[in-house]
Amino acid sequence: MLILSRRYHFITWRLEGLERGIGFYSRTGLALIRGMKSALRRCLSTSSRHAGKYNEPLSGNAIPRSGGIASMMRLPVQTDTQGASPFDSFQVADIGDINFNFCNLQKACEDIRNQYRKLISNACIPLTLGGDHTISYPILQAMKERYGPVGMVHIDAHSDTLDTQLGEKIAHGTTFRRAVEEGCLDPHRVIQIGLRGSTYALEDLNWAKKQGFRMVTAEECWHKSLTPLMAEVRDMMGDRPVYVSFDIDGLDPAFAPGTGVPEIGGLTSIQGLEIIRGCRGLNVIGGDLVEVTPALDTNGATSGTAAHFLFEMLCVLPGVKYL
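First residue of the sequence shown? That's 691 in my numbering, and the numbers climb one at a time after it.
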């Protein structure tokens, strides 16, 4: 067994168990490879007769990526490359899943709205992982009760402003039309970035434009930095409350294949970072990252990107310290 002392920074070896050719993992993540007994004996030998070529059967962590919710929440300071230190600035907690009726979509929206009312009433800034983009609708309903109509930075391949979807008024493609109709959004402070694809009729996009949405197609974002665009967004939003909604299909499928409605020609992960980091200075009162579908995420890239983006959202909340 390999033992690495963090305090004294030395390595000691124990050979019991290696006689049986058993492989071990140390607590530090270094792997002892099966069959290394003879190599270890050569390393430890004092006889010149045993000198010669030998391998070094040690590797880096061979198990899946380490870390998790519990270990992350124990860290006193966790920063991004910009110096943001959200865990040193706030009491950050994962409060688990929201309980809702998954057999009735309207009842599910009611359940979500009621639970977000409680969160917001306690001065909590909720960041939510989804899931169907329908969840933004009841969250915005709860936001309206506290803040009135809010602005929104919306990253998506789709506008989600259908009047009905398969005959239903409440669905993931109707979310923001319902939110405007109910006064949850200030349409003159809504920007949608990354729009593309062929799944929406022209009249639905025209409806959003008539309400006052600023709509930025994916083609307008190709081959350029979005930092200048986000400077315009900050001027547009002012100091009033803003909600951030990031549909992962706003990214090109090369960066986020694990989603239900992928559309080619989308944003890059770098542009996604530029958008989120460009929200620094806004009065962000909540956000979500939605439409991640783990069953379609064969290599885990989409889930990893989504987790990083949500952490980046945490870093731009008002009051985050920068080291």
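C-beta atoms are modelled at their ideal positions from N, C-alpha and C, and glycine is treated no differently. Note that the coordinates shown come from a computational prediction; the quantities given were computed from them, not determined experimentally.
Locate the beta strand (DSSP E) running through residue i, then write down its first and last residues.
i, result
"Asp894", "No beta strand (DSSP E) contains Asp894, which is instead part of the alpha helix (DSSP H) from 892-901."
"Ile845", "840-845"
"Asn804", "Note, Asn804: premise wrong, no beta strand (DSSP E); alpha helix (DSSP H) at 795-811."
"Arg886", "Neither: Arg886 is in no beta strand (DSSP E) and is coded neither H nor E."
"Thr907", "904-907"
"Leu979", "973-980"
"Pro931", "931-937"
When the Cα of residue i is compared with those of the options, which residue comes out closest?
i, options, result
"Ala832", "Ala861, Arg867, Glu872", "Glu872"
"Gly971", "Arg807, Glu981, Ala861, Leu1007", "Leu1007"
"Gly884", "Thr958, Ser779, Gln772", "Thr958"
"Glu800", "Ile829, Gly821, Ile810", "Ile829"
"Tyr933", "Gly838, Asn789, Gly786, Ile785", "Gly838"
"Ile785", "Leu817, Lys914, Cys793", "Leu817"
"Arg981", "Leu852, Ala783, Leu819", "Note on identity: in this sequence residue 981 is Glu, with Arg being the wrong assignment. Of the listed residues, the one whose Cα sits closest to Glu981 is Leu819."
"Asp853", "Gln882, Ile881, Ala813, Asp894", "Asp894"
How many angstroms separate the CA atom of residue i from the CA atom of residue j?
i, j, result
"Met905", "Ser935", "14 Å"
"Gly1009", "Ile815", "11 Å"
"Ser826", "Thr865", "7 Å"
"Gln901", "Arg867", "10 Å"
"Met848", "Ala908", "Checking the sequence, you will find His at residue 848 rather than Met. Cα to Cα, the separation comes out at about 10 Å."
"Arg886", "Gly955", "8 Å"
"Gly796", "Lys859", "Checking the sequence shown, residue 796 turns out to be Gln, not Gly. Rounded to the nearest angstrom, the two C-alpha atoms are 10 Å apart."
"Ala996", "Thr771", "17 Å"
"Asp876", "Asp929", "14 Å"
"Leu809", "Phe780", "15 Å"
"Arg879", "Gly950", "28 Å"
"Gln961", "Asn794", "36 Å"
"Thr824", "Ser811", "22 Å"
"Thr983", "Gly821", "7 Å"
"Glu910", "Pro952", "19 Å"
"Val974", "Asn896", "27 Å"
"Ala861", "Val782", "31 Å"
"Glu964", "Lys914", "11 Å"
"Ala813", "Leu979", "20 Å"
"Asn791", "Phe945", "32 Å"
"Ile788", "Asp937", "19 Å"
"Leu856", "Asp850", "13 Å"
Please report the residue range of the alpha helix (DSSP H) in which residue i lies.
i, result
"Phe866", "865-871"
"Val956", "Reading the sequence as shown, one finds Gly at residue 956 and not Val. Segment: none, Gly956 is in no alpha helix (DSSP H) and carries neither H nor E."
"Pro816", "Per DSSP, Pro816 belongs to no alpha helix (DSSP H) and is neither H nor E."
"Val1006", "Note, Val1006: premise wrong, no alpha helix (DSSP H); not H, not E."
"Asp925", "917-927"
"Lys834", "826-837"
Taking 6 Å as the limit between beta carbons, can you name the residues of its chain near residue i, skipping five residues before and five after?
i, result
"Glu709", "Only weak support exists for where Glu709 lies, its pLDDT of 36 falling under 50; the coordinates are left without a value."
"Gly977", "Leu817, Val934, Met1003"
"Pro1017", "The chain is shown from 691 up to 1013; residue 1017 falls before or after that span and cannot be answered."
"Val870", "Pro877, Gln901"
"Lys834", "Cys874"
"Thr736", "Confidence is the limiting factor: at Thr736 the pLDDT is only 47, short of 50, which leaves the residue's position unreliable, though a coordinate-based value still follows. Counting only Cβ-Cβ distances below 6 Å, and skipping sequence neighbours, we find nothing."
Can you give me the Cβ contacts of residue i inside the same chain, cut-off strictly under 8 Å, excluding the 5 residues immediately before and after it?
i, result
"His699", "Bear in mind that a pLDDT of 34 at His699, under 50, signals an unreliable position, so the number given afterwards is only what the model happens to contain. Excluding residues within five positions, none has a Cβ falling inside 8 Å."
"Trp912", "Gly955"
"Gly968", "Leu916, Thr917, Leu919, Met920, Ala921, Val923, Arg924"
"Ser993", "Gly948, Val982, Pro984, Asp987"
"Tyr1012", "Gln772, Gly773, Ala774, Ser775"
"Met926", "Gly841, Arg879, Ile881, Arg904"
"Lys899", "Met905"
Is any heavy atom of the ligand MN found at a distance shorter than 8 Å from the C-beta of residue i?
i, result
"Ala898", "Here there are no bound small molecules, and the ligand MN is not part of this structure."
For residue i, which residues in the same chain have their Cβ closer than 7 Å to its Cβ, ignoring the five residues on either side in sequence?
i, result
"Asp942", "Ile954, Gly955, Gly956, Leu957, Thr958"
"Ile966", "Phe999, Glu1002, Met1003, Val1006"
"Ala798", "Phe790, Asn791, Phe792"
Note to self: Three Cβ pairs or more, each shorter than 8 Å: is that satisfied between the region 792-806 and the region 842-851?
What the structure shows: no
Next item on the list: Check whether the region 773-786 touches the region 992-1005, taking contact to mean three or more Cβ pairs, one atom from each stretch, closer than 8 Å.
Entry: yes
Next item on the list: Report yes or no: do three or more beta-carbon pairs, one from the region 973-992 and one from the region 912-922, lie closer than 8 Å?
Entry: no
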